[in-house]
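Numbering of the sequence shown is given in the working numbering, commencing with residue 268 and proceeding in unit increments.
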Amino acid sequence: MHILAYGVTFIVLLPFLWMILLSFKTNNEILNDPFTLPKTLSLDNYTRAWSTLKMGLLYSNTFLIAAITIVIELIITFMSSYALSRMVFRSNKLKNAILVLLLAGLAIPAFILLFPVYRITISLGLLNTYASLIIPYIATSVSFNTLLFTGFLRGFPREVEEAAVIDGCSLFTLCKSIVVPVIMPVIATVFIFNVLYIWNEFPFAVTLINKDSMQTISLGISQFKGRFNIDYGGIIAASVLLIIPQLVFFAIFQRFIIEGMTAGAVKG
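Pasting the structure below:
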């Protein structure tokens, strides 16, 4: 079993390891001899990627958009999921219709939304602003986040909340002091998935952002593709710089993903 696990791990990591090796090669080496070790370990591709793309600015733009988006997402989707799992609806049909709409939201590809979102963004005067990305990111994440929270909250014992209410807890205090600490694994899972989504998102970014100073990291990498030529070494080096923070982030928080997804599956 250990040999099988190591073998699967090697197969999964092989493309990334190969990409790292290619990032140290010149464009001629990449095109003519891509499967051998680089003749010299040069950091020219990384230097060119960092200076040309202004990676520091791209990182800061992406971090800022992700931070604002995720805070708003968590607040909105926690409240909506708490309402779906706790509030009494006059008609179950209404509640079921809301759940069906949320499920349908998961099936809508982002590409279908690009044109209407683009027109709305122009009409609101938000093109080339952080808000032009934050609003669509929030809207596209509502379905997944709400369903994940709802599945967990349905298994949360109501008796605990009832006892807190009897002791005089307000709804805000109940959620802040009792419910939120218990569902932290799910909150962490939602946080991680949304960070990774925003970090890699490209369709909305390329449609709604035209200014270099507002670009996210996934959009900035496309600058290496010229009209008549492509800087393969620069693209690969920039891709490594794009992926490494995600790997570090995932390695640190992977246990929260497992706990959150398992808890949601069991208690939903």
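For each residue, glycine too, the CB sits at the ideal point set by N, CA and C.
By the CB criterion at 7 Å, Phe517 and Ile502 fall outside the cutoff.
By the neighbour-count definition (other C-beta atoms within 10 Å, threshold 16), Phe382 is an exposed residue. Cβ neighbours of Phe520 within its own chain (closer than 7 Å, five residues either side excluded): Ala455, Ile459.
Within the same chain, Cβ atoms closer than 6 Å to the Cβ of Pro403 are found at Val384, Phe471, the five residues on either side in sequence being excluded.
The shortest CA-to-CA distance from Leu280 to any of Phe523, Leu514, Arg522 is the one to Leu514. The beta carbon of Leu289 lies closer than 6 Å to those of Ile297, Ile503 in the same chain, with the five residues before and after it left out. Nearest to Phe469 by alpha-carbon distance, out of Leu366, Thr329, Asn299, Lys443, is Thr329. The closest CA to that of Trp466, considering only Phe345, Arg353, Pro512, is found on Pro512.
Val453 places its beta carbon less than 7 Å from that of Phe419. In the three-state reduction of the DSSP assignment, Val449 falls in the helix class.
Assigned with DSSP and collapsed to three states, Val275 falls in helix. Taking a cut-off of 8 Å on C-beta distances, the region 310 to 325 does not touch the region 387 to 394, as fewer than three cross pairs fall below it. Membership of Arg357 in any alpha helix (DSSP H) is not indicated, and neither H nor E is assigned to it by DSSP.
DSSP, read as helix, strand or coil, puts Asp300 in coil. Secondary structure within the region 305 to 363: the alpha helix (DSSP H) runs of 4 or more consecutive residues, fully enclosed, are 311 to 320, 322 to 353 (chain order).
By the C-beta criterion, the region 297 to 312 is judged not to be in contact with the region 438 to 445, since fewer than 3 inter-stretch pairs fall below 8 Å. Burial state of Thr276 is exposed, judged by a 10 Å Cβ sphere holding fewer than 16 other Cβ atoms. In the three-state DSSP reduction, Ile465 falls in the helix class (H, G or I). Taking a C-beta distance under 7 Å as the contact criterion, Asn412 and Val457 qualify as a contact pair. Counting the other CB atoms within 10 Å of its CB gives Ala505 a total of 16 or more, which places it among the buried residues.
For the 7 Å CB-CB criterion, Leu400 and Ile332 form a contact. Pairing Leu351 with Thr417 gives a Cβ-Cβ distance under 7 Å. When DSSP assignments are scanned along the region 380 to 426, the uninterrupted stretches of alpha helix (DSSP H) that are 4 or more residues long and fall wholly within it turn out to be 397 to 420.
Here Lys362 has Leu351, Phe356 as same chain residues with Cβ atoms under 8 Å from its own Cβ, once five neighbours each way along the sequence are excluded.
Contact check for Asn359 against Asn477 fails: the beta carbons are separated by 7 Å or more. Secondary structure of Thr474 (DSSP, three-state): helix.
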